[in-house]
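Novice:
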Amino acid sequence: MINTFFYTLGQGVKNVFRNKWFTMASLATISACLFVFGIFVAVVFNVNHIVKTVEEGVSVTVYFNEDVEQERIDQIRELVTRRPEVYRCDFISADEAWAEFSKKLGENAEGFIENPLEGSENLQIYLNDVSKQGELVGYLETVEGIRKINKSELTANTLTGVKAVVTYVSVGMIGLLLAVSIFLISNTVTIGISVRKEEINIMKYVGATDFFVRAPFVFEGIIIGLIGSAIPVVVLYYLYNAAFAFLQSNFAFLNDFISYVPASDVFIYLAPASLLIGVGIGFFGSFFTVRKHLHV
Amino acid sequence: MAEQEKEKKKKSRKGGKDDSKYVIYLEGVNKAYSDANGVPALMDINLKIKRGEFVFIVGDSGSGKSTLIKLLLRELTADSGKVVVNDQDLTKMKHAQVAKFRRTLGVVFQDFRLLKDRNVYDNVAFAQRIVLKSEKEIRKNVPNMLSMVGLAGKYKAKPKQLSGGEQQRVALARALVNKPTILLADEPTGNLDPRNTNDIMKLLEKVNENGTTVVVVTHNRDIVNTMQKRVITLKQGVILSDEEKGAYIDD
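Chains as they are written, first to last, in the numbering used here: chain W, 1 to 296; chain H, 1001 to 1251.
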């Protein structure tokens, strides 16, 4: 049994070299599909990252009536923090608000002795999901003791729009990519199998079991899948780093607004996913195509 | 004679049937193709071939010869009737058992069906690997077989470097290397010139003398008429005649 395993594995490896054109065509197909997949994943990761960064910066600020006790403020903070759409809620005292503001004023702030922002203590509320901003504001309007709610509706709406577009485009692209991949791969396999049909036939006539016929093809498929997925991953890794460096040096002004996801954070998911998809395509592609010809 | 009696008793005890002295036994076999509008390819075929026989099956195209071979190989199953080959009932055989069954047969085709990307040695060794022979045995058996068919010197050649006759010898070596009890040859000389045809037929005769049952499907009148073997003639799906030392029957 061990002998059979190594023999069929050896045949699988030999098949890769025996059918050079088929190997090249399959490799090119799988690599091309996974290359596009990789680019797409990298873009989605970065867009999501940028959206998330911006989203985290969007806050709702709540000011209180002058007669409100610190106890009530703590109570409100507690209530707000418990809400599911709230990611973080910070209390900013009047002193902290002045300290922050005076930093911006620089020298101009030096004339003040008393805190001119007395009574400006507030809650800074950050959301998990900016599309829920309206909901939160609706709730805050019902809470007693609140004087004023500052919100950034435009930013919130824009971000919600961007996220929706990213989601639709993601789903659309994945669907399209899947359809194209299946078409290309089934085409390649069909061309390959017409060459192999005879070989499978001969094997069956000589008395080879289904396993014996199938194993080399499946090994071959797995090997092609592995190589075919490794190539785009390696190429994309270098391309990604190059693009990263290019954007940072040539579009330095963007660095203040946008941060990119480091390659390692993308490839820790992309590499195993690509390998899995490649091996999966190789395995199932060969497994099912051979099956059609086994009943001889 | 006593030896044969014993053999017969042993077999009948094992199988419990009196058809076990036949390596091929067909009884009331019918076969029609679904895409032929129910026109039968074979009708009520009864056929018995004993161990060690040499049999020609002849007939025009469309007579049912190919269908018959396919039934014997279990490439097709009969619609009704009984097909027993090497004591195995093919009508009841499951797909998973077919591979093992085929190892008891050797098959040769008109178009040789060699693996084109492998050399002569590997083509023959292939059959041995399938039955899980060790490399040591393979290294002993394959050269033996190749010298038997007269190709010992060409073990490294690829099929396309060989003549038709040589390719058929390779196919024959592959069919015989696992020592089958039956050799089925489907038009083995169909693509060969008269000289190669003669050589292949001589080889088949030699194989038969060594105890293998040989069934040759052919429409080569000359070899049938000169070899004076049992001849079964098929016509439009029925057995027209079945004669010991028969001859090719013309329409």
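In this text, a Cβ means the ideal position worked out from N, Cα and C, and glycines have one as well.
1. Tell me where the beta strand (DSSP E) around D1250(H) begins and ends.
2. Distance cutoff 8 Å, beta carbons only. Does F212(W) sit that close to anything in chain H?
3. State buried or exposed for P262(W), treating a residue as buried only when at least 16 other CB atoms are found within 10 Å of its CB.
4. Would you verify that the beta carbon of R18(W) is, or is not, closer than 8 Å to some beta carbon of chain H?
5. Compute the distance between the beta-carbons of L1184(H) and L1073(H), then report whether it is under 8 Å.
6. Are K1065(H) and L1234(H) close, meaning C-beta to C-beta below 8 Å?
7. Return yes when the Cβ of V62(W) is within less than 8 Å of the Cβ of I149(W), no when it is not.
8. So, is the C-beta of G221(W) closer than 8 Å to a C-beta in chain H?
9. Report yes if the C-beta distance between I30(W) and I258(W) is below 8 Å; otherwise report no.
10. What is the residue span of the alpha helix (DSSP H) that Q11(W) lies within?
11. Take the Cβ of K1229(H) as the centre, count every other Cβ of all protein chains shown within 10 Å, and call the residue buried at 16 or more, exposed below.
12. Return the residue from the list A230(W), F267(W) and Y126(W) that minimises the CA-CA distance to T53(W).
13. Check V1023(H) in the structure and name its three-state DSSP category.
14. Which word fits Q1167(H), buried or exposed, when buried means at least 16 other C-beta atoms lie within 10 angstroms of its C-beta?
15. Which full runs of the beta strand (DSSP E) of 3+ residues lie inside the region 118-174 of chain W, going along the chain?
16. Within the same chain, show all residues whose beta-carbon is closer than 8 Å to that of Q1128(H), passing over the 5 residues directly before and after it, in chain order.
17. Taking 8 Å as the CB-CB cut-off, is V1207(H) touching chain W?
18. Quick one: which residues of the region 273-295 of chain W get their C-beta closer than 9 Å to a C-beta of chain H? List them in chain order.
19. Pick helix, strand or coil for R1118(H), following the three-state DSSP scheme.
20. Within the continuous beta strand (DSSP E) that includes L1184(H), where are the two ends?
21. Assuming T1275(H) and I1223(H) form a contact by the criterion Cβ under 8 Å, report the distance between their Cβ atoms to the nearest whole angstrom.
22. How close, in whole Å, do the beta carbons of D1111(H) and N1191(H) come, if the pair is a contact with beta carbons under 8 Å?
23. In whole angstroms, give me the CA-to-CA distance for L154(W) and Y260(W).
24. Which residue marks the beginning of the beta strand (DSSP E) containing F64(W), and which one marks its end?
25. Check the Cβ of D1117(H) against every Cβ in chain W and list those closer than 7 Å, keeping chain order.
26. Suppose only complete runs of 4+ residues qualify. What are the alpha helix (DSSP H) ranges in the region 1113-1179 of chain H, listed by chain order?
27. Check whether the region 274-286 of chain W touches the region 220-232 of chain W, counting contact only when three or more Cβ pairs, one atom from each stretch, lie closer than 8 Å.
28. Does the beta-carbon of R291(W) have 16 or more other beta-carbons within 10 angstroms, so that it is buried, or is it exposed?
29. Considering only residues of the region 1026-1108 of chain H, which uninterrupted alpha helix (DSSP H) runs meet the minimum length of 4 residues and lie entirely inside it, listed in chain order?
30. Identify whether L1240(H) lies in helix, strand or coil by the three-state DSSP scheme.
Specialist: Judging by the given coordinates:
1. It is not in any beta strand (DSSP E) - D1250(H) carries neither H nor E in the DSSP assignment.
2. yes
3. exposed
4. yes
5. yes
6. yes
7. yes
8. no
9. no
10. I2 to R18
11. buried
12. Y126(W)
13. strand
14. buried
15. 122-127 and 146-150
16. E1137, I1138, N1141, V1142, V1177 and N1178
17. no
18. L294 and H295
19. coil
20. I1182 to D1186
21. This structure does not reach residue 1275(H), given that chain H is present from 1001 up to 1251, and the question cannot be answered.
22. 7 Å
23. 24 Å
24. S59 to F64
25. R18
26. 1120-1130, 1135-1148 and 1164-1176
27. yes
28. exposed
29. 1065-1072 and 1095-1102
30. strand
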